[in-house]
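Visitor: Each residue of the sequence shown is one higher than the one before, starting from 80 at the first, in the working numbering. Ideal Cβ placement from N, Cα and C applies to all residues, glycine included. Provided herewith is a single structure, encoded as structure tokens, for subsequent inquiry.
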Amino acid sequence: VQLQASGGGLVQPGGYLRLSCTVSGITFSVATVGWYRQAPGKQRELVATIANAFVINSAESVKGRFTISRDNEKNEVDLQMNSLNPEDTAVYYCFARFGLMNYWGKGTQVTVSS
């Protein structure tokens, strides 16, 4: 199973970024996929997930700013992040749950700084 993420980088406060993750090796259409993040000195936390029925679960801190979406034809999950602030600075990890197994990508750095 491989999860390949892209789209991280440095952005100014108030800016936006889009993360994409392509998943291979599982039946993507039935998996729950999404994003977690880990800031320095903190535990990994949920950002947002989207289930096979397109049910979304997201952290309160990102509601209204981040939008998660999936494309079952491309085996891709995306995270559109708007109105970024320094508290969003973290390594973002692509995630997939298939059956009883959880899978993780390597992480992509998002830094929000002026």
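From the DSSP output, read off the bridge partner residues of Ser140.
Guide: Here residue 140 refers to the residue found at position 61 when the sequence shown is read from its first residue. According to DSSP, which records beta bridges pairwise, Ser140 is partnered with nothing at all.
Visitor: Can you give me the start and stop residues for the beta strand (DSSP E) that Thr190 sits inside?
Guide: Translated into positions along the sequence shown, residue 190 becomes position 111. Note, Thr190: beta strand (DSSP E), 187-191.
Visitor: Check this for me: beta carbons of Gln117 and Thr101, under 8 Å apart or not?
Guide: Position 38 of the sequence shown, counting from 1, holds the residue named residue 117. Position 22 of the sequence shown, counting from 1, holds the residue named residue 101. Cβ atoms of Gln117 and Thr101: not closer than 8 Å.
Visitor: Tell me the rounded alpha-carbon separation between Phe174 and Ser193.
Guide: Stepping through the sequence shown from its first residue, residue 174 is reached at position 95. Stepping through the sequence shown from its first residue, residue 193 is reached at position 114. Taking the straight line from one Cα to the other gives about 29 Å.
Visitor: Report the rounded CA-to-CA distance for Val189 versus Gly120, giving the unit in angstroms.
Guide: Your numbering for residue 189 matches position 110 in the sequence shown. Your numbering for residue 120 matches position 41 in the sequence shown. When rounded, the distance between both Cα atoms is 15 Å.
Visitor: Scan the region 106-133 and note each continuous beta strand (DSSP E) run of 3 residues or more that stays entirely inside, going in chain order.
Guide: List check, beta strand (DSSP E) in window: 111-117, 124-129.
Visitor: Alpha carbon to alpha carbon, what distance is there between Val126 and Val208?
Guide: Coverage of the chain is limited to positions 80 through 193, which leaves residue 208 absent and any answer about it impossible.
Visitor: Return the Cβ separation of Tyr171 and Arg123 in integer angstroms, given the expectation that the two are a contact with Cβ distance under 8 Å.
Guide: As a first step, residue 171 is located in the sequence shown; it is residue number 92 there, counting from the start. As a first step, residue 123 is located in the sequence shown; it is residue number 44 there, counting from the start. Not really, about 10 Å apart at Cβ, beyond 8 Å.
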